[in-house]
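Letter by letter, the sequence shown follows residues 6 to 484 of our numbering.
Glycine is no exception: its CB is placed at the ideal position from the N, C-alpha and C atoms.
Model, not experiment: these values are computed from the prediction.
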Amino acid sequence: MVNWKYSESIESSEIVNIKKKYQNYIGGKFVDPSSKKYLNTVSPSTEEILSKIPLSNQKDIDSAVKAAKTGFEKWSSITPQERSQYLFKIARLIQERSREFAVLESIDGGKPIKESRDFDLPQVAANFFYFAGWADKLDISWSAKELKPYGVVGQIIPWNFPLLMLAWKIAPALATGNTVVLKPAETTSLTALHFAELCHDAGLPAGVVNIVSGDGSTGANIVNHKDINKIAFTGSTHVGKLIQKSLAGRDVGLTLELGGKAANIVYEDAAIDQAVEGVVNGIFFNQGHVCCAGSRLLLQESIHDQFIKKLEKRMQTLRVGNPLDKNTDIGAINSKEQLDKITSLVNEGVSDGGDLFQIECELPGNGFWFRPSLFTNVQPSYSIAREEIFGPVLTTLTFRTPEEAIEIANNTEYGLSAGVWTEKGSKILWTADRLEAGVVWANTFNKFDPSSPFGGYKESGFGREGGRHGLLSYLKASL
Ligand code: NAP
Ligand code: MG
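Here it is in structure tokens:
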């Protein structure tokens with residue numbers, strides 16, 4: 006085999022002006038945190054400190070919620086057409102600044118530039134365009150008398166798709182007439198703080214969007230604030246449960262988009278080479294930091310050996326390294342903490358008795374890296390087959406019959422997504438019908454569209470984002 010070498014092709018970072026220190030965006034103004042405290046945000050690919058972001062406290066959240074309450078009066082008094090125009094303006098500004106945002110996302114979060122450039126940013130703009138189109142059509146879809154916005158919505162998002170999760174949250178909330186207080190994850194707040202500038206440039210009325218950075222305690226202060234009308238959370242099942250407990254007995258709406266451990270089922274009649282590509286994309290996209298990642302490969306026993314051989318060969322061609330190199334397939338792990346979690350679960354998988362394959366490649370000296378990994382010879386009881394690893398690690402299980410595939414696929418507390426690979430349409434429908442998962446992809450994986458609802462079953466959460474269903478998550482029935 007010819008061993009093709011790639012020359013580096015580094016995306017310039019000059020387009021981004023990363024400030025030394027950031028401020029919160031509250032009531033249409035950039036303000037210092039009253040806590041006077043800051044957190045460092047680092048580049049996970051170099052460990053360099055990029056900037057300082059506010060560590061907001063209860064007082065900061067209090068002023069953000071007050072501003073959102075005032076903003077709600079203004080936002081409710083303008084016409085749906087005007088709300089729509091603001092959202093279109095934001096969408097267009099995102100497109101104009103998409104290179105800057107893509108580079109910043111890759112620097113601050115570690116994801117490959119080809120993904121932030123070709124997936125995250127186009128999806129961010131598409132979500133704002135999509136929901137902009139809905140803002141003035143709500144009354145023809147439902148009776149406006151029955152459905153009203155919640156008011157002030159607290160939104161808490163994770164670090165794996167920082168700006169895209171922001172778009173999934175802010176676009177439908179604003180389109181339905183709510184105002185928001187959003188907290189990005191502490192390791193990846195920079196694109197959200199730059200997005201605040203963009204809202205400012207769009208002339209969005211003061212208080213409609215408020216961005217406050219901080220850590221878990223900042224998120225908890227949003228959840229516990231007495232004037233919050235709804236919480237929309239994306240993150241771990243553990244924190245989701247804490248939030249649900251905090252809100253018990255309060256008249257506060259809640260949607261939870263939580264973790265996953267998706268089965269990617271390959272039947273023996275599948276187009277094997279395409280399935281290998283789909284399995285690779287399903288688990289190694291975004292370093293496996295994907296809630297709906299196809300992290301459990303379910304192979305029909307008869308094709309196991311052939312499939313694993315092809316898969317290992319394909320994995321060996323993945324290029325790990327600098328997120329700003331346009332050739333990079335696998336960037337940096339988002340944080341030291343996440344790297345430690347992945348490492349410990351993988352070590353446990355080995356000591357449990359799983360066979361581990363890792364690709365051979367050079368890893369950069371600094372930064373947080375993990376080799377794309379594949380486990381075979383795994384028992385369903387192992388932690389690597391049950392727990393969300395949230396890294397570039399695929400676990401293989403086998404089955405003999407379609408019934409057994411369903412049993413194994415559903416044998417998890419999660420239910421966010423699943424994949425099925427087969428030549429037979431009837432088998433796709435039979436399988437999809439029986440899978441307990443919010444999204445089922447057939448002969449593809451990780452496909453997204455703003456018009457398509459996304460969300461979980463069981464401990465993957467409740468509520469939907471995207472599509473008409475996503476609008477309903479931000480509308481309250483007033484009977
Ligand atoms: P996480 O630890 O639950 O954090 C999510 C967000 O909640 C962060 O902004 C975090 O702040 C904040 N937070 C932490 N403790 C909190 C508390 N007690 N009260 C309120 N907010 C709190 O999750 P993560 O590690 O960032 O993200 C990975 C998880 O997100 C995975 O389980 C993944 O599956 C899930 N996820 C789900 C979806 C979906 O759509 N279902 C999409 C993406 C990710 P800090 O960052 O400052 O700690
Ligand atoms: Mg960072």
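Nearest-angstrom Cα separation, counted from residue j out to residue i
| i | j | result |
| --- | --- | --- |
| PRO385 | ASP357 | 11 Å |
| PHE312 | PRO377 | 17 Å |
| ASN22 | LEU126 | 18 Å |
| LEU203 | ILE20 | 15 Å |
| VAL154 | ASP144 | The sequence given here places Pro at residue 154; Val does not occur at that position. If I take the Cα positions, the gap works out to 12 Å. |
| THR84 | ASP274 | 55 Å |
| GLY212 | LYS74 | 7 Å |
| ASN234 | SER61 | 20 Å |
| GLU367 | LYS331 | 17 Å |
| PHE134 | MET170 | 15 Å |
| GLU16 | THR51 | 16 Å |
| GLY461 | PRO163 | 16 Å |
| HIS309 | TRP435 | 22 Å |
| SER300 | GLY396 | 9 Å |
| ASP123 | LEU476 | 26 Å |
| GLN279 | VAL257 | 45 Å |
| PHE136 | PRO455 | 8 Å |
| ASN183 | SER81 | 8 Å |
| GLU464 | ASN416 | 12 Å |
| GLN160 | LEU421 | 20 Å |
| GLY219 | PRO59 | 6 Å |
| LYS231 | GLN100 | 37 Å |
| VAL284 | GLU441 | 20 Å |
| LEU92 | TYR479 | 16 Å |
| THR242 | LEU263 | 5 Å |
| THR196 | ALA172 | 11 Å |
Helix, strand or coil at residue i according to DSSP, with G and I counted as helix
| i | result |
| --- | --- |
| SER89 | helix |
| GLU53 | coil |
| LYS153 | strand |
| THR239 | strand |
| GLU367 | coil |
| ALA482 | strand |
| ASP360 | strand |
| LEU421 | coil |
| PRO382 | Sequence inspection shows Asn at residue 382; the Pro mentioned does not correspond to that position. Three-state DSSP puts ASN382 in coil, outside helix and strand. |
| GLN305 | strand |
| GLN128 | helix |
| PHE166 | coil |
| ASP37 | coil |
| TRP147 | coil |
| TYR272 | coil |
| LEU323 | coil |
| ALA447 | strand |
| LEU209 | coil |
| THR403 | strand |
| PHE459 | strand |
| LEU109 | helix |
| TRP139 | helix |
| THR75 | helix |
| LYS26 | strand |
Rounded distance between the beta-carbons of residue j and residue i, thought under 8 Å
| i | j | result |
| --- | --- | --- |
| ASN269 | GLY370 | Actually they are not in contact, since the Cβ atoms of ASN269 and GLY370 sit about 34 Å apart, beyond 8 Å. |
| ALA414 | TRP374 | Actually they are not in contact, since the Cβ atoms of ALA414 and TRP374 sit about 31 Å apart, beyond 8 Å. |
| ILE236 | VAL244 | Contact doesn't hold; Cβ gap of about 11 Å is too wide. |
| SER18 | VAL108 | 5 Å |
| CYS297 | ASN132 | No, CYS297 and ASN132 are not in contact; Cβ-Cβ is about 16 Å, not under 8 Å. |
| VAL217 | ILE66 | 6 Å |
| PHE459 | ARG469 | 7 Å |
| THR381 | PRO117 | About 26 Å; that fails the 8 Å criterion. |
| THR403 | GLU306 | 5 Å |
Buried versus exposed, by CB contacts within 10 Å (16 or more), residue i
| i | result |
| --- | --- |
| VAL355 | exposed |
| GLY430 | exposed |
| ALA253 | exposed |
| THR193 | buried |
| THR400 | buried |
| TYR11 | exposed |
| ASN215 | buried |
| ILE347 | buried |
| GLU412 | exposed |
| GLY208 | exposed |
| ARG255 | exposed |
| ILE54 | exposed |
| ASP345 | exposed |
| ASN352 | exposed |
| ASP360 | exposed |
Ligand 3 heavy atom lying under 6 Å from the CB of residue i
| i | result |
| --- | --- |
| PRO167 | No copy of ligand 3 appears in this structure; the ligands present are ligand 1 and ligand 2. |
*Which residues count as close to ligand 2 when the rule is a CB under 5 Å from any of its heavy atoms, in chain order?*
THR46, ASP113, THR192
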